[in-house]
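Notes follow once the structure below has been shown.
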Amino acid sequence: MTNDNHLDKWRVPYHNLCTARASAVVLVLAILFGVGEFLLWGRFHWEDGVLLTVLLLLASYDRFNAALDHSPTPHSRMTGWGLLVVAGGLMVLASRLSVDDAHDLARALCKNGALLLVSLAITMHYDGFKTSLALFPLYLLAIVILPLYEYLLLEISYPMRLVSTAAASWLLRLCTVAVSYDGTTLFWNDQAISITDACSGIALLSFLYLLEYLIARKCQAPAWWKWCWSSLVLIWIILSNALRQLLTFLLFTVMGEKVHEETPHFLLGCVFIVVASLLIWFSSFIFQLDAPKQEET
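Position 277, counted from 1, in the sequence shown is what the working numbering calls 1611; the numbers after and before it change by one each time, with no gaps.
Next up, the structure:
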């Protein structure tokens, strides 16, 4: 009986793989491309890629554990050919961009975006619109986000630090502390506390998204509702980082420069992780993602 249950667990994903064979092959190739490109870049923070890869593999299994639609239409095939034309245009644009640091991200986005469109075009041609829409987040994660993860972090890190600094300044003023800020630096009397990339919390984005997915995957809620909830992770990072800056400032008034030493800095980082994780968890109740599944009668 146990063996039958174990076989049934894999029967549904296998059936869906057979239903959408072309899309399954494209997804496997996309995963191999994303992981391979991430490793070939020789990054120092390889743990980020590990977490994103775990998220990608887990989400891919869950996607094929649900029913996939196999209904290509003339319209979907026509759209697929149109996507191939746009992909060709992106590749031409990538080849025209000059080889310098200012255009590195744009060139990489054009190249990987073209591969993303090619993957979608194949899925639309063989399996139709619904399967393309269902697999789009996986293609995006595998082909664009995973290989270009560090590039993307650099682009969003500074704006998030700006917002976090402004939020921390607002919280301190609520506590009647006369502070001001300029960019990512807080000023109080003759003291200045700057928020660097390493302290922004953005480096933990992959961990927080994986945590969010682990919470959401067991919840009974529509997929679009889960997407809306998961999009709020940047807000939780900003709030958690603002709280960490507030604590750093308060400790600075007591400890002085010692607050920047290794042990206090590590403990403040732990506070950030705990607060961000709790915000993610409690926000799932707000969106009623943890409502128990009703038993069928």
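C-beta atoms are modelled at their ideal positions from N, C-alpha and C, and glycine is treated no differently.
Item, Value
"Cβ-Cβ distance between residue 1503 and residue 1513 below 7 Å", "yes"
"DSSP bridge partner residues for residue 1526 (one or two, in chain order)", "1521"
"Endpoints, the alpha helix (DSSP H) within which residue 1403 is located", "Where residue 1403 is concerned, there is no enclosing alpha helix (DSSP H), given that its DSSP letter is neither H nor E."
"Contact check, residue 1611 vs residue 1549, beta carbons under 7 Å", "no"
"Where residue 1483 falls, given that 16 or more other Cβ within 10 Å makes a residue buried", "buried"
"Cβ pair residue 1460, residue 1406 closer than 7 Å", "yes"
"Residue 1462 burial status per 10 Å Cβ neighbour count (16 or more: buried)", "buried"
"Residue from 1477, 1510, 1443, 1526 with nearest C-alpha to residue 1517", "1526"
"CB of residue 1479 within 7 Å of CB of residue 1446, strictly", "no"
"Buried or exposed (CB count within 10 angstroms, at least 16 for buried), residue 1402", "buried"
"Residue 1565: first and last residue of the uninterrupted beta strand (DSSP E) it sits in", "Looking at the DSSP string, residue 1565 is not in any beta strand (DSSP E), and its letter there is neither H nor E."
"Span of the alpha helix (DSSP H), counted from its first residue to its last, around residue 1464", "1463 to 1474"
"Residues sharing a beta bridge with residue 1516, DSSP", "1519"
"Residue nearest to residue 1520 in terms of C-alpha spacing, selected from 1560, 1564, 1582", "1582"
"C-beta atoms of residue 1542 and residue 1511 nearer than 7 Å", "no"
"Option nearest residue 1360 by Cα separation, candidates 1614, 1453, 1395, 1547", "1453"
"Proximity below 7 Å, CB of residue 1468 to CB of residue 1448", "no"
"Contacting residues, own chain, Cβ-Cβ under 7 Å from residue 1551 (five flanking each side not counted)", "1396"
"Distance between residue 1591 and residue 1506 (C-alpha atoms, nearest Å)", "19 Å"
"Beta carbon of residue 1418 nearer than 7 Å to that of residue 1364", "no"
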